[in-house]
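Protein chains in written order, with this note's numbering: chain E, 1 to 325; chain Z, 1 to 368.
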Amino acid sequence: MAVISYREALRAAMREELKRDDKVVIMGEEVAQFNGAYKVTEGLLKEFGPKRIVDTPISEAGFIGLGIGASMLGIRPVMELMFWSFSYVAFDQIVNNAGNIRYMSGGLINCPIVIRGPGNGGTNVGATHSHTPEAILASHPGIKVVCPATPYDAKGLLKAAIRDNDPVYVMENTILYNDKGEVPDEDYIVPLGVADVKRVGTDLTIVAHGRAVITSLKAAEILEQEHGVSVEVVDLRSIRPLDEETILASVRKTHRALLVEENKPFCGVDAQVAYLIQSKAFDELDAPIHRVSSIDAPQIYCKRMEDQQLPDVNRVVREALKVLA
Amino acid sequence: MAKPAVLTHPESLKRPAGPSEYAKDPVNAALSKAEKIALYTKMARIRHFEQRCIRIYQQGKIGGFLHLYVGQEAVAAGTISLLGKNDHLITGYRDHGHGLMVGMGMNECMAELTGRVTGCSQGKGGSMHYFAPDKNYWGGHGIVGGQAPLGTGLAYAVKYMGLKGSCLVYMGDGAVNQGAVHEAYNLASLWDLPVIFVVENNGYSMGTSQERSTAHPGCLAKRAEGYNMAWDVINGHDVYEVRAKTAIALKRAHEESKPTVLEIFTYRYFGHSMADPDKTYRDKEEIKEYREKKDPVLAFEQELLREKVLTPELSQKINEEAMAEADKAAIFADESPDPTVADITKHIYWEEDNRGPKTTSRGTIIFE
Numbered sequence: 001m002a003v004i005s006y007r008e009a010l011r012a013a014m015r016e017e018l019k020r021d022d023k024v025v026i027m028g029e030e031v032a033q034f035n036g037a038y039k040v041t042e043g044l045l046k047e048f049g050p051k052r053i054v055d056t057p058i059s060e061a062g063f064i065g066l067g068i069g070a071s072m073l074g075i076r077p078v079m080e081l082m083f084w085s086f087s088y089v090a091f092d093q094i095v096n097n098a099g100n101i102r103y104m105s106g107g108l109i110n111c112p113i114v115i116r117g118p119g120n121g122g123t124n125v126g127a128t129h130s131h132t133p134e135a136i137l138a139s140h141p142g143i144k145v146v147c148p149a150t151p152y153d154a155k156g157l158l159k160a161a162i163r164d165n166d167p168v169y170v171m172e173n174t175i176l177y178n179d180k181g182e183v184p185d186e187d188y189i190v191p192l193g194v195a196d197v198k199r200v201g202t203d204l205t206i207v208a209h210g211r212a213v214i215t216s217l218k219a220a221e222i223l224e225q226e227h228g229v230s231v232e233v234v235d236l237r238s239i240r241p242l243d244e245e246t247i248l249a250s251v252r253k254t255h256r257a258l259l260v261e262e263n264k265p266f267c268g269v270d271a272q273v274a275y276l277i278q279s280k281a282f283d284e285l286d287a288p289i290h291r292v293s294s295i296d297a298p299q300i301y302c303k304r305m306e307d308q309q310l311p312d313v314n315r316v317v318r319e320a321l322k323v324l325a
Numbered sequence: 001m002a003k004p005a006v007l008t009h010p011e012s013l014k015r016p017a018g019p020s021e022y023a024k025d026p027v028n029a030a031l032s033k034a035e036k037i038a039l040y041t042k043m044a045r046i047r048h049f050e051q052r053c054i055r056i057y058q059q060g061k062i063g064g065f066l067h068l069y070v071g072q073e074a075v076a077a078g079t080i081s082l083l084g085k086n087d088h089l090i091t092g093y094r095d096h097g098h099g100l101m102v103g104m105g106m107n108e109c110m111a112e113l114t115g116r117v118t119g120c121s122q123g124k125g126g127s128m129h130y131f132a133p134d135k136n137y138w139g140g141h142g143i144v145g146g147q148a149p150l151g152t153g154l155a156y157a158v159k160y161m162g163l164k165g166s167c168l169v170y171m172g173d174g175a176v177n178q179g180a181v182h183e184a185y186n187l188a189s190l191w192d193l194p195v196i197f198v199v200e201n202n203g204y205s206m207g208t209s210q211e212r213s214t215a216h217p218g219c220l221a222k223r224a225e226g227y228n229m230a231w232d233v234i235n236g237h238d239v240y241e242v243r244a245k246t247a248i249a250l251k252r253a254h255e256e257s258k259p260t261v262l263e264i265f266t267y268r269y270f271g272h273s274m275a276d277p278d279k280t281y282r283d284k285e286e287i288k289e290y291r292e293k294k295d296p297v298l299a300f301e302q303e304l305l306r307e308k309v310l311t312p313e314l315s316q317k318i319n320e321e322a323m324a325e326a327d328k329a330a331i332f333a334d335e336s337p338d339p340t341v342a343d344i345t346k347h348i349y350w351e352e353d354n355r356g357p358k359t360t361s362r363g364t365i366i367f368e
């Protein structure tokens, strides 16, 4: 087991898949010569050359659409969005074309494309660059969405996404890019739709995804140390498909649930998770479900306030204690 | 406000209809008698299929939109008749003519319009979403201009795989103001992709004439110059001219891997869709003029009669057979079953439709 960063894990996933399948192409703004706006693709151009690692103009609707078209003929493009926020200028391609073409063709066409990049707030860049569109995109049947929180999951999920024959949108987090973790040396994937219990506990279930998992793990530690509470943290990893069974199994054990995400609260991923728990485990609950989300406003620029807008450890602890009261 | 410059119409369009000056062009001279008859037959079949659609629509059996191709047949017929096994095509929502030209059956096309499970998309796509990827036909797309990047990607894939092929990307004159089209133009030229953008200019983007919608330097195709692409204008009422000029663009795609913009002047006899009363933005006289003097099916029939390839008797037989085929397709569509409620949640994900020992994805993917 090597200890590598989340960024290196993503790069290793792409490198291995580029070697495994000559139909895999990496494409995006600044991915080749510039070595990636966030250096995720660093060194790949040198290793694989310009046919496989392709710089695009700033033209998201154009190049994402091009990737979708190429995937229909069997190319397996891995498209980088510099920010998932930029997906909004390519929304017709990402949703209408990639998400619907299999359905509208009665199953004649499929679209094995991966779109990846950071989709997070918390980086002091203002509202237009801080969107977290996993709930918006996952609400469209035809699309798959994953949000890795650790280097192990980042590599395994990206490899699974590249091998998947449907459109898979991988939402990363720039704040996690330098986080380190153990990653196996041998080939592995993390299947889509399998949640991971990141911490075992008995008194409260926290369900989270993306960086909110890391925040929740820190909060769980404080809850244990300072309040003597045993918290289980379920990392969704995959938003669609969703591992309902792991969520429900944990709630059946702890009988209390707190849902944490960096999305805004309205129609967030956790609105769906809360519905799931009340519809399939209502009798198991000893307390109402609570949620911690970003404060419901466009992302504020001021760094000090943005840190408070996003769910932080203190807010998670506070809300957990309410569920436990 | 400055008036738009005079349109750069192809020379042949300015003259009264008559014998095609492109009859002796090598691609047309090379056609055998049987091939010419087959091409005419295909045009006639598109015409009669669509005219049968009107009746079915008026009977209330076709939902949503029905965008007819009547009047534009020579565009699909001329361009598609040139394509080989590595040439692909994709279009917008006025997609029936292209479907029939690539060899889709009238039955599956008609049944799709009435939402039957026997339709080409099993009743999931409708009029705007015909697909036949086995015939290199990638749709049938509902959002104006949204297919342009996809088609550019198909051409990219052809080139990536080292094949000598192309992708024809059809759009209407209304699509040329969409950003996705311009992004596709830029990528096609920047990366030397074998794309032919075919602007089927029927004069109106829905109910807005070209003069009211588009700032342009004489014609829409000329915008290609801004992207360092070759372009040409074509009289879309003459299938021979469509073939002759498209062949040049195809050669450019095949031999040089370079894109082209072709603007093909054509005309639709019916409204933007059947929901369009067609009374507010153009003159009935204008439609009459085109129908009587420039009809592409009639013009090609006259051409082939002059060439003594067709006889009036043979032409009548071809048209009667096409009508009968359309009638049969209408009955087929009527008698076919609907998809079922269970079918609603099929064909969403490849991995779900093909679950097996190798499937890795798990969890809930279709929600209650």
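Glycine included, every Cβ here is placed at the ideal spot set by N, Cα and C. Note that the coordinates shown come from a computational prediction; the quantities given were computed from them, not determined experimentally.
- Its chain contains LYS155, LEU158, LYS159 as the residues whose beta carbon lies nearer than 6 Å to that of ALA13 (chain E), once the 5 sequence neighbours on both sides are disregarded; these appear in chain order.
- If you ignore the 5 residues before and after THR118 (chain Z), its C-beta comes within less than 6 Å of the C-beta of ALA111, SER336, all in its own chain and listed in chain order.
- Here GLY181 (chain E) is bridged, per DSSP, to E:ILE4.
- DSSP, reduced to helix, strand and coil, places VAL195 (chain Z) within a strand of the structure shown.
- Neighbours of ALA330 (chain Z) across chain E, judged by C-beta separation under 8 Å, do not exist; the nearest C-beta is about 21 Å away.
- Per DSSP, the continuous beta strand (DSSP E) segment holding ASN235 (chain Z) begins and ends at 230 to 235.
- At least 8 Å separates the CB of TYR170 (chain Z) from every CB of chain E.
- Counting along the chain, the unbroken beta strand (DSSP E) around ALA257 (chain E) starts and ends at 257 to 260.
- Residue environment: TYR301 (chain E) is assigned as exposed (fewer than 16 neighbouring CB atoms within 10 Å of its CB, all protein chains considered).
- Leaving aside the five residues that flank SER216 (chain E) on each side, the residues in its chain whose CB is nearer than 7 Å to its CB run, in chain order, ILE206, ALA208, VAL233, VAL260, VAL316.
- Using a C-beta cut-off of 8 Å, the region 279 to 287 of chain E makes no contact with the region 95 to 109 of chain E, since fewer than three inter-stretch Cβ pairs fall below that distance.
- Taking a cut-off of 8 Å on C-beta distances, the region 305 to 321 of chain Z does not touch the region 90 to 102 of chain Z, as fewer than three cross pairs fall below it.
- Around the beta carbon of MET1 (chain E), a 10 Å sphere encloses fewer than 16 other beta carbons of the protein chains shown; the residue is thus reported as exposed.
- Around the beta carbon of ALA34 (chain Z), fewer than 16 other beta carbons lie within 10 angstroms, which makes this residue exposed.
- Boundaries of the alpha helix (DSSP H) harbouring ALA138 (chain E): 134 to 138, taken from the DSSP string.
- C-alpha of HIS131 (chain E) to C-alpha of SER85 (chain E): approximately 5 Å in a straight line.
- Of all alpha-carbon atoms in E:SER5, E:ASP21, E:ALA90, the one lying nearest the alpha-carbon of GLY28 (chain E) is that of E:ALA90.
- A distance below 7 Å between beta-carbons, with the five flanking residues on each side excluded, links ARG211 (chain E) to the following residues of its chain, in chain order: ASN120, ALA149, ASN173, ILE175, LEU176, GLU262.
- Under the DSSP assignment, MET106 (chain Z) falls outside any beta strand (DSSP E), being part of the alpha helix (DSSP H) whose first and last residues are 106 to 113.
- ILE162 (chain E) and VAL24 (chain E) do touch by the CB rule: their CB atoms are close to 6 Å apart, below 8 Å.
- Ranked by Cα distance from ASP21 (chain E), the first of E:GLN308, E:ARG52, E:GLY36 is E:ARG52.
- Z:GLY174 is the residue among Z:LEU190, Z:GLY174, Z:LEU13 whose C-alpha sits nearest the C-alpha of SER205 (chain Z).
- With fewer than 16 other Cβ atoms from the protein chains shown falling within 10 Å of its own Cβ, GLU225 (chain Z) counts as exposed.
- When 7 Å is used as the limit between beta carbons, ASP164 (chain E) is near these residues of chain Z: GLU351, SER361, in chain order.
- Residue pairing by DSSP places VAL114 (chain E) opposite E:VAL78, E:VAL168 in a beta bridge.
- Every unbroken stretch of the alpha helix (DSSP H) spanning 4 or more residues and falling wholly within the region 5 to 54 of chain Z is given here in chain order: 11 to 14, 26 to 29.
- In this structure LYS258 (chain Z) is buried. Its beta-carbon is surrounded by 16 or more other beta-carbon atoms within 10 angstroms.
- The alpha-carbon separation between VAL242 (chain Z) and VAL233 (chain Z) amounts to approximately 9 Å.
- Taking the Cα positions, PRO77 (chain E) is about 17 Å away from LEU193 (chain Z).
- Just measuring C-alpha positions, the residue of E:GLY201, E:PRO151, E:LYS19 sitting nearest PRO184 (chain E) is E:PRO151.
- Of the other Cβ atoms in all chains shown, 16 or more fall within 10 Å of the Cβ of ASP92 (chain E); this residue is therefore buried.
- When Cβ-Cβ separations below 8 Å define contact, VAL194 (chain E) makes contact with chain Z.
- Residues of the same chain with a CB within less than 7 Å of the CB of GLU21 (chain Z), apart from the 5 flanking positions on each side, are SER12 in chain order.
- In the three-state reduction of the DSSP assignment, PHE265 (chain Z) falls in the strand class, which pools E and B.
- Of the residues Z:ALA77, Z:PRO10, Z:THR91, Z:LYS159, the one whose Cα lies closest to the Cα of LEU39 (chain Z) is Z:ALA77.
- Where ILE318 (chain Z) is concerned, the enclosing alpha helix (DSSP H) starts and stops at 312 to 335.
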